[in-house]
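Position 114 of the sequence shown, counted from 1, bears residue number 114 in the UniProt record's numbering, the numbering being contiguous throughout. Heads up, the beta-carbon is just placed ideally off N, CA and C, and yes, glycines get one too.
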Amino acid sequence: MFFRMSPYDGLAPYTLLQYTEIVEGIWYPKGGFNKVLQSLENIAVQHGAKFNYNTDVQEIIVDDSGVAKGIKLVNGDVVNSDIVICNADLIYAYNKLLPKTSYAEKLGKKELTSSSISFYWSMKTIVSELKVHNIFLAEKYKQSFDQIFKDHTLPDEPSFYVNVPSRIDPTAAPEGKDTVVVLVPVGHISNVPNIDFDQLVKRAREQVIETIEKRLKISNFRNLIEHETVNDPRTWQNEFNLWKGSILGLSHSLFQVLWFRPSLKCKIFENLYFVGASVQPGTGVPIVLCGAKMLEKQLCDRFLEGKVEINIWSKCVSFLIGIVALLIFWFFFKF
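In structure tokens, the structure reads:
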């Protein structure tokens, strides 16, 4: 579930992540991941960047020759620019911010990662039975993933992850209290009829609390929750513009990684670039930041140093080499 994929469908090399985390550990930014965002913002401001907060983008402006010229805000203001870098969800951007294309429709049909029902709890006291990272697995393990990725719903018995950042970060909660984050994987929004998300959220909450109380022998866990915030597939779609509520964008299946994944440079409109989970190199905060760094180099090479982009024949050769590498990769790890 590292990439919000079923472990029964994920590529074998992804299992190396477990080894890396156990042996080398993982990094945690003190103050939470928002500190990473604040640091990037501070660096940008120091270099002259300006931010326009609490303003939605209505469209990316593209002229008749197919060149991106800026953005239009919902209040009618227009921001003209030489290039446009879009970090909105890729499928959302193509379907909602750009002129209609067949590629946008094609993107909308690609395989997506799952969604989640996420609970954010402020606890009245420290729940010592919980560690920093806690994973609760369903007894009918495979069936639970089939219900997520095939039926696009909440499993009868969900597996879930519990994170307690206050266990290692004193800024995450007041002294003597805990902050708890619960992630319950659930199918993304689909065409499955009669899904009552309010009932799914209610059931997920009860099952999570009952499982924690039973397995950790905490009789009054639900009474320790003093404040709660919830995100579900509707929230991810409506408030964060994540297509169908898929929280990590395009899936990392065999033909949606490496050369098959959408590139940073838009292939349809000129001077338009993308960063984020659904483009190369992939999803997750560290990987997305690597993608942003890759784009920064591309832009500097093109606009500051005047380097010519790689020609079409070189791209074809690279593509063919990539296909051969993927086939070899698939053969050895599939069998």
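Simplified DSSP assignment, three categories, for residue i
i	result
valine 36	helix
tyrosine 53	coil
isoleucine 83	coil
serine 122	strand
serine 314	Note that serine 314 scores a pLDDT of 48, beneath 50, so its modelled location is shaky; the value from the coordinates is reported in the next line. Here serine 314 sits in helix by DSSP.
tyrosine 28	coil
alanine 68	strand
threonine 101	coil
lysine 110	coil
leucine 248	coil
aspartate 156	coil
glutamate 129	coil
glutamate 296	helix
lysine 217	coil
valine 279	coil
valine 78	strand
valine 45	helix
valine 23	helix
valine 257	coil
Rounded C-alpha distance that separates residue i from residue j
i	j	result
cysteine 266	tyrosine 273	5 Å
isoleucine 126	proline 174	10 Å
serine 263	glycine 25	30 Å
tyrosine 103	lysine 96	13 Å
proline 13	serine 65	43 Å
serine 116	threonine 283	16 Å
alanine 138	proline 99	44 Å
leucine 289	isoleucine 189	27 Å
valine 79	valine 67	15 Å
arginine 234	cysteine 300	38 Å
glutamate 206	glycine 70	47 Å
glutamine 18	glutamine 46	38 Å
isoleucine 247	lysine 217	32 Å
valine 257	isoleucine 268	20 Å
alanine 88	lysine 142	33 Å
valine 164	isoleucine 135	12 Å
lysine 293	asparagine 42	17 Å
isoleucine 83	threonine 15	39 Å
serine 219	glycine 48	55 Å
isoleucine 85	glycine 32	26 Å
Exposure of residue i, with buried meaning 16 or more beta-carbon neighbours within 10 Å
i	result
glutamine 38	exposed
aspartate 63	exposed
asparagine 271	buried
aspartate 232	buried
serine 128	exposed
phenylalanine 240	exposed
tryptophan 236	buried
glutamate 252	The residue asked about is misnamed: residue 252 is histidine in this sequence, not glutamate. It is buried - the Cβ of histidine 252 has at least 16 other Cβ atoms within 10 Å.
alanine 93	buried
aspartate 156	exposed
CB-CB length for residue i against residue j, believed under 8 Å
i	j	result
lysine 124	lysine 177	7 Å
valine 182	serine 118	7 Å
threonine 153	valine 192	7 Å
valine 208	valine 184	6 Å
leucine 254	arginine 261	Between arginine 261 and leucine 254 the Cβ distance is about 11 Å, and since that is not below 8 Å, they are no contact.
glutamine 58	leucine 40	With 8 Å as the limit, glutamine 58 and leucine 40 do not qualify as a contact, their Cβ atoms being about 25 Å apart.
Opposing strand residues paired with residue i [DSSP bridges]
i	result
glutamate 270	Val67
tyrosine 161	Ile135 and Leu183
aspartate 178	Met123
leucine 73	Val57
residue 351	A question about residue 351 goes unanswered here, because the residues of the chain that appear run from 1 up to 335.
histidine 227	Ser122
lysine 140	For lysine 140, which the question treats as bridged, DSSP gives no partner whatsoever.
lysine 265	Tyr273
Proximity test, residue i beta-carbon vs the ligand FMN heavy atom, cut-off 8 Å
i	result
lysine 110	This structure does not include the ligand FMN; it has no bound ligands of any sort.
Any C-beta of chain C under 9 Å from that of residue i
i	result
asparagine 52	This model lacks chain C altogether; it includes just one protein chain.
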